[in-house]
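Undergrad: Per this note's numbering, numbering through the sequence shown is continuous, rising by one, with the last residue being 312.
Glycine is no exception: its CB is placed at the ideal position from the N, C-alpha and C atoms.
Quantities reported herein were computed from a predicted structural model and do not represent experimental measurements.
There's a structure below that I have some questions on.
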Amino acid sequence: MTAIPHHRPVGPLTVAQAMRPAELRIDVNTMVDKAVDIIRVADADHVILHAEDGRCLGVVRRAQLAPYQNRSWYTARTPIGNITHDGGPFARPEMPAGEALATMRARGMRVWAVTDEAGRAVGLLTPDALRTVLTGERGPLDAAA
Numbered sequence: 168m169t170a171i172p173h174h175r176p177v178g179p180l181t182v183a184q185a186m187r188p189a190e191l192r193i194d195v196n197t198m199v200d201k202a203v204d205i206i207r208v209a210d211a212d213h214v215i216l217h218a219e220d221g222r223c224l225g226v227v228r229r230a231q232l233a234p235y236q237n238r239s240w241y242t243a244r245t246p247i248g249n250i251t252h253d254g255g256p257f258a259r260p261e262m263p264a265g266e267a268l269a270t271m272r273a274r275g276m277r278v279w280a281v282t283d284e285a286g287r288a289v290g291l292l293t294p295d296a297l298r299t300v301l302t303g304e305r306g307p308l309d310a311a312a
């Protein structure tokens, strides 16, 4: 069996090639204690925060929820949108991958939401995913091809 050569995509490398789906989402009105439970049960490092109309408001990281691990009247009555979260501006799928990586480095970001024209989250970016796309390294899914 002959190995299939890995080819770099034709054209400029974009965020769309590096992002992964934005699957875990919570509404801005979700109470802090419920958000803590959602992230813990999903064993996630972050969750997309969205408005009632579906627009992305930002990313809430597990580390930002650390001060709220101990339950209190505050966590049971405070909407997640009222605490610190990583807000916009957000990346766009057509944004050049190199520009996205430079922006993430400059802002010290570990994860960045990607939104469509309507402001809805369509994906998440990490610096590692961008570096993989930019260097042409094969990821675990590519290796199976």
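Is the stretch 225-244 close to the stretch 261-272, with three or more CB pairs under 8 angstroms?
TA: Segments in contact, no.
Undergrad: Count the other CB atoms within 10 Å of the CB of Gly225; is the residue buried (16 or more) or exposed (fewer)?
TA: Counting from one through the sequence shown, the residue named residue 225 turns up at place 58. With 16 or more other Cβ atoms within 10 Å, it is buried.
Undergrad: In this structure, how does DSSP classify Asp210 when only helix, strand and coil are distinguished?
TA: Taking the first residue of the sequence shown as 1, we reach residue 210 at position 43. Coil, per DSSP.
Undergrad: Consider the Cβ of Ala243: report whether some Cβ of chain B lies at a distance smaller than 8 angstroms.
TA: Within the model displayed, chain B is absent; a lone protein chain is all it includes.
Undergrad: Beta strand (DSSP E) containing Asp194: first to last residue?
TA: Position 27 of the sequence shown, counted from the first residue, corresponds to residue 194. Element bounds for Asp194: Arg192 to Asp194.
Undergrad: Below 8 angstroms on the Cβ atoms is my contact criterion, and I expect Tyr235 with Val199 to pass it. Report the Cβ-Cβ distance as a whole number of Å.
TA: In the sequence shown, counting from the first residue as 1, residue 235 sits at position 68. In the sequence shown, counting from the first residue as 1, residue 199 sits at position 32. So it is a contact: roughly 5 angstroms between Cβ atoms.
Undergrad: Nearest-angstrom Cα distance between Leu292 and Arg244?
TA: Residue 292 sits at position 125 when you count from the first residue of the sequence shown. Residue 244 sits at position 77 when you count from the first residue of the sequence shown. Between Leu292 and Arg244, the C-alpha separation is close to 31 angstroms.
Undergrad: Can you tell me whether Tyr208 is buried or exposed, with buried defined as 16 or more other CB within 10 angstroms of its CB?
TA: By one-based count along the sequence shown, residue 208 stands at place 41. Inspection of the sequence shows that residue 208 is occupied by Val rather than by Tyr. Its Cβ having fewer than 16 others within 10 Å, Val208 is exposed.
Undergrad: What does the alpha-carbon distance come out to for the pair Ala267 and Thr282?
TA: Here residue 267 corresponds to residue number 100 of the sequence shown, with the count starting at 1. Here residue 282 corresponds to residue number 115 of the sequence shown, with the count starting at 1. Each residue's Cα considered, the two are about 13 angstroms apart.
Undergrad: Tell me which residues share the same chain as Gln231 and place their Cβ nearer than 6 angstroms to its Cβ, disregarding the 5 neighbours each side in the sequence.
TA: As a first step, residue 231 is located in the sequence shown; it is residue number 64 there, counting from the start. Only Thr251 meet the Cβ criterion.
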